[in-house]
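Participant: One structure is given below, represented as structure tokens, and several questions about it will come after.
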Amino acid sequence: MESVASTQPAHDAIERIIGISPWAEQVRRSIELVAVHQSSVLILGPSGTGKELIAQAIHSCSLRCKKAFIPVDCAVTTGTLFASHMFGHVKGSFTGATSSTLGCFRAAEAGTIFLDEIGEMELELQAKLLRVLQQRVVVPVGSHQEIPVDVRVLAATNRDLASEVQFGRFREDL
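Those letters in the sequence shown? Residues 57 to 230, per our numbering, in order.
If you want it as structure tokens, here you go:
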């Protein structure tokens, strides 16, 4: 898990979104508007269009800018290892779990977690993510204890999530 410190001023983060088209200007204005709210944000767009850059700019312009920004690639890992990476685990919960870990959500406490390629996330993990979003708690792998978290969630995908919902690959309530 990698924490990206927000050391640049908010204005610099927005100016990293290059372009002079009306669309680019609208993106910069939208970043400023959504940054002041604490709600979760879904960023849509084709691969390579700067979705993570937009997420970093939202974080840098938010009240959480002095706290961690933790990017997570949802397409890389699956199953228990991904759940452990996201929600942490307790010692002995699976082979190789020689110590407890916090997980990305707890490491991002009071900051922002960026879930890149959320459309790739397995349904079982989507259910666990929904619990985090609704109840603001995580349950580490191998534990039954709910641990409160204060994290803003930004997510991105290049997929058509409405189609993914129709095909049963993405939760409608997420």
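Note that the Cβ used here is the ideal one computed from N, Cα and C, for glycine as well.
Do you know whose CA, among Arg72, Ile74, Arg120, Gly224, lies nearest glutamate 180's CA?
Facilitator: What you label residue 180 is simply residue 124 of the sequence shown in a count that begins at 1. With distances taken between Cα atoms, glutamate 180 lies closest to Gly224.
Participant: By Cβ distance, which residues of its chain are closer than 6 Å to alanine 44, with the 5 residues on each side in sequence left out?
Facilitator: This structure cannot speak to residue 44, because the chain is shown only from 57 to 230.
Participant: Just list the beta strand (DSSP E) runs in the segment 93-179, keeping only unbroken ones of 3 residues or longer that don't cross its boundaries, in chain order.
Facilitator: The qualifying runs are 97-100, 125-129, 168-172.
Participant: Looking at the strands, I want to know which residues DSSP matches up with valine 205.
Facilitator: As a working mapping, residue 205 is identified with position 149 in the sequence shown. In the DSSP output, where bridge partners are listed per residue, valine 205 has none listed.
Participant: Compute the distance between the beta-carbons of alanine 80 and leucine 210, then report whether it is under 9 Å.
Facilitator: The residue you call residue 80 lines up with position 24 of the sequence shown. The residue you call residue 210 lines up with position 154 of the sequence shown. For alanine 80 and leucine 210, no; Cβs fall outside 9 Å.
Participant: Which residues in the same chain as phenylalanine 143 place their Cβ atom closer than 7 Å to its Cβ, once the five residues preceding and following it in sequence are excluded?
Facilitator: The residue you call residue 143 lines up with position 87 of the sequence shown. Once the five neighbours on either side are set aside, the close Cβ partners of phenylalanine 143 are Gly159, Phe161, Lys184, Val194, Val195, Pro196, Val197.
Participant: State the Cα-Cα distance for the pair glutamate 71 and threonine 105, rounded to the nearest angstrom.
Facilitator: Here the question's residue 71 lines up with position 15 in the sequence shown. Here the question's residue 105 lines up with position 49 in the sequence shown. If I take the Cα positions, the gap works out to 15 Å.
Participant: What three-state label does DSSP hand leucine 230 in the structure shown?
Facilitator: Sequence index remark: in the sequence shown, residue 230 carries index 174 (1-based). Coil.
Participant: With DSSP collapsed to three states, give me the class of valine 195.
Facilitator: As a first step, residue 195 is located in the sequence shown; it is residue number 139 there, counting from the start. Valine 195: coil per DSSP, three-state reduction.
Participant: Measuring straight from C-alpha to C-alpha, what distance separates serine 86 and serine 149?
Facilitator: Within the sequence shown, numbered from 1, the residue matching residue 86 stands at position 30. Within the sequence shown, numbered from 1, the residue matching residue 149 stands at position 93. Computed Cα separation, rounded: 43 Å.
Participant: If we count the other Cβ atoms within 10 Å of its Cβ and call it buried at 16 or more, is isoleucine 8 buried or exposed?
Facilitator: The structure shown does not extend to residue 8, since the chain is modelled only from 57 to 230, so the question has no answer here.
Participant: Taking the alpha carbon of threonine 213 as the reference point, which residue from Phe226, Glu202, Val205, Gln201 has its own alpha carbon closest?
Facilitator: Locating residue 213 in the sequence shown gives position 157, where the first residue counts as 1. Looking at the Cα atoms, Phe226 is the closest of the given residues.
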